[in-house]
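S.K.: Dropping a structure here in structure tokens format, bear with me for questions.
Residue numbers (our numbering): -1 to 139.
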């Protein structure tokens, strides 16, 4: 099983593909659908709760190990990300990965998810190599 991560996305259709493509290196343990629910769910998970509230069935729901990152989809804007990060402050410091929407990407669909997952995996490997996996900061992919 891969390293546990939390995935934030607006649609389960794209989420399903991203969850599958992140494997085997990463295990999406929880899928967050809105900033408002993320502000409740993410701090609960980071505090080690084993049955946090959920608004999606996506994810392995294996909360036995703490997540190593929060991965944000392109549908999340500054205010929503800030809301979730503020709610999670003081729990477990981990990187928050955010897409750089200025980088070219395929249109929404299966190829979009695959392209972003490749960038996510590259960034996580770089953060691991640089010893930055325990820094609470937005990292752009």
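Heads up, the beta-carbon is just placed ideally off N, CA and C, and yes, glycines get one too.
Which complete alpha helix (DSSP H) runs does the stretch 58 to 133 hold, if anything under 4 residues is left out?
M.R.: Entirely contained in the stretch 58 to 133, the alpha helix (DSSP H) runs reaching 4 residues are, in chain order, 76 to 86 and 108 to 127.
S.K.: Using a 10 Å radius around the Cβ and a threshold of 16 neighbouring Cβ atoms, would you call residue -1 buried or exposed?
M.R.: Exposed, by the Cβ-count rule.
S.K.: Taking the straight line between their C-alpha atoms, what separation do you get for residue 135 and residue 92?
M.R.: Going by the C-alpha atoms only, they are around 7 Å apart.
S.K.: Using CA atoms only, rank isn't needed, just tell me which of 13, 23 and 8 is closest to residue 1.
M.R.: Here the closest residue by C-alpha is 23.
S.K.: Does the stretch 100 to 110 come close enough to the stretch 77 to 89 that 3 or more CB-CB pairs lie under 8 Å?
M.R.: With a cut-off of 8 Å, the stretch 100 to 110 and the stretch 77 to 89 do not count as touching, because too few Cβ pairs lie within range.
S.K.: Counting C-beta neighbours from all protein chains within 10 Å, is the total for residue 105 16 or more, i.e. buried, or is it exposed?
M.R.: Residue 105 should be labelled exposed.
S.K.: With a floor of 4 residues, list each alpha helix (DSSP H) that falls wholly inside the stretch 19 to 57, ordered by position along the chain.
M.R.: Segments of the alpha helix (DSSP H) lying fully in the stretch 19 to 57: 33 to 44.
S.K.: Check whether the stretch 46 to 55 and the stretch 28 to 35 are in contact - that is, three or more C-beta pairs closer than 8 Å.
M.R.: Yes, the stretch 46 to 55 is in contact with the stretch 28 to 35.
S.K.: Based on Cα-Cα distance, which residue from 98, 130, 86 and 120 lies nearest to residue 42?
M.R.: Considering only alpha carbons, the answer is 86.
S.K.: Which one of 122, 82 and 74 has the shortest CA to CA distance from residue 7?
M.R.: Looking at the Cα atoms, 74 is the closest of the given residues.
S.K.: Taking Cβ positions, are residue 3 and residue 65 nearer each other than 8 Å?
M.R.: Yes.
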